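Protein chains in written order, with my numbering: chain D, 1 to 160; chain L, 161 to 278. Right, one structure below, let's go through it.
Written out as structure tokens, the structure reads:
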């Protein structure tokens, strides 16, 4: 791993370790080393450096909400904004606990795409109507409630 | 027909409150379905009346049958009488242009009456 200003240049082993951790963050250094054909001390050292440089931000648990009987509505909300206000809208959306992820996208218009959760459709609507629509610069909103999830992974795509 | 007080405790009507311009967070935002905001909003009864003429029928039906209009009019504009009249319209199961016409007529009559009272 080489540091170049704000960016970090990862080598092939770094990428493989990151992929292994994303598959299972609870694998031991020994297990990862065995899978990658390197010593556990090498894995330990690489992970320590990846953590130190903030490339590994945290370790978390992926919860199956259905099995946990946590009934909630997840929606993808597309917010069309005045370009002058889009940064502010994205920043304000990011502060709400109901909003899990926020992205900006430029297609024909400037869009903010956000993943939103709520207890039920009524609460989802109330949140959008009372907290999102009134934000300065919001022009209109399209929301799609997710009915079934086929795949969800945050795996990295290794650059070739 | 149940009275509106049964579901929403309402303050007395106040003409000045009903006609005042509201801050953004208290405006009425027109949606066509859950989470789908049209971009149209009304920050006063006068603006609300104007928007009724232009928003889609789908939006009017969505809000009327969710009781959004009567709640906003009762709780934010604090107009008990108009909220009751809107509830009466809801109970008539109107739809389409007839629905738009009846809401417009009801709100415009009330608006003119309040303006006259001031």
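Built from N, CA and C at the ideal position, the CB exists for glycine as well. Note that the coordinates shown come from a computational prediction; the quantities given were computed from them, not determined experimentally.
| Check | Outcome |
| --- | --- |
| Burial state of residue 239 of chain L (16 or more Cβ within 10 Å) | buried |
| Residue from D:55, D:43 and D:22 with nearest C-alpha to residue 9 of chain D | D:55 |
| Simplified DSSP assignment, three categories, for residue 56 of chain D | coil |
| Beta carbon of residue 75 of chain D nearer than 7 Å to that of residue 38 of chain D | no |
| Cα-Cα separation between residue 67 of chain D and residue 22 of chain D, rounded to whole angstroms | 21 Å |
| Residue 114 of chain D in three-state terms, based on DSSP | strand |
| Beta-carbon gap between residue 278 of chain L and residue 237 of chain L smaller than 7 Å | no |
| Any C-beta of chain L under 7 Å from that of residue 53 of chain D | no |
| According to DSSP, residues forming a beta bridge with residue 142 of chain D | D:78 |
| Other residues of its chain near residue 144 of chain D: CB distance less than 7 Å, five sequence neighbours each side excluded | 75 and 76 |
| Short CB-CB distance (under 7 Å) between residue 71 of chain D and chain L | no |
| Ordered list of alpha helix (DSSP H) runs contained in the stretch 9 to 76 of chain D, each at least 4 residues | 12 to 23, 29 to 36 and 40 to 52 |
| Interface partners of residue 40 of chain D on chain L, CB under 8 Å | Simply none; closest approach about 49 Å. |
| Simplified DSSP assignment, three categories, for residue 229 of chain L | helix |
| For residue 196 of chain L, the first and last residue of its enclosing beta strand (DSSP E) | 196 to 202 |
| Enclosing beta strand (DSSP E) for residue 96 of chain D [first to last residue] | First-last for residue 96 of chain D: undefined, no H or E at that position. |
| Cβ-based contacts, 9 Å cut-off: residues of the stretch 211 to 241 of chain L near chain D | 226 and 228 |
| Closer than 7 Å to chain L by CB, residue 125 of chain D | yes |
| Contact belief for residue 250 of chain L with residue 224 of chain L at Cβ below 8 Å, rounded distance in angstroms | 5 Å |
| Start-to-end residues for the alpha helix (DSSP H) that takes in residue 268 of chain L | 256 to 277 |
| Three-state secondary structure (DSSP) of residue 215 of chain L | coil |
| Range of the contiguous beta strand (DSSP E) that encloses residue 193 of chain L | 188 to 193 |
| Selected residue, minimal CA-CA separation from residue 188 of chain L, among L:182, L:202, L:196 and L:198 | L:202 |
| Counted within 10 angstroms of its Cβ, other Cβ atoms place residue 199 of chain L as buried (16 or more) or exposed | exposed |
| Neighbourhood of residue 83 of chain D by C-beta distance below 8 Å, restricted to the same chain and skipping five residues each side | 110 |
| Per-residue DSSP class, three states only, for residue 105 of chain D | strand |
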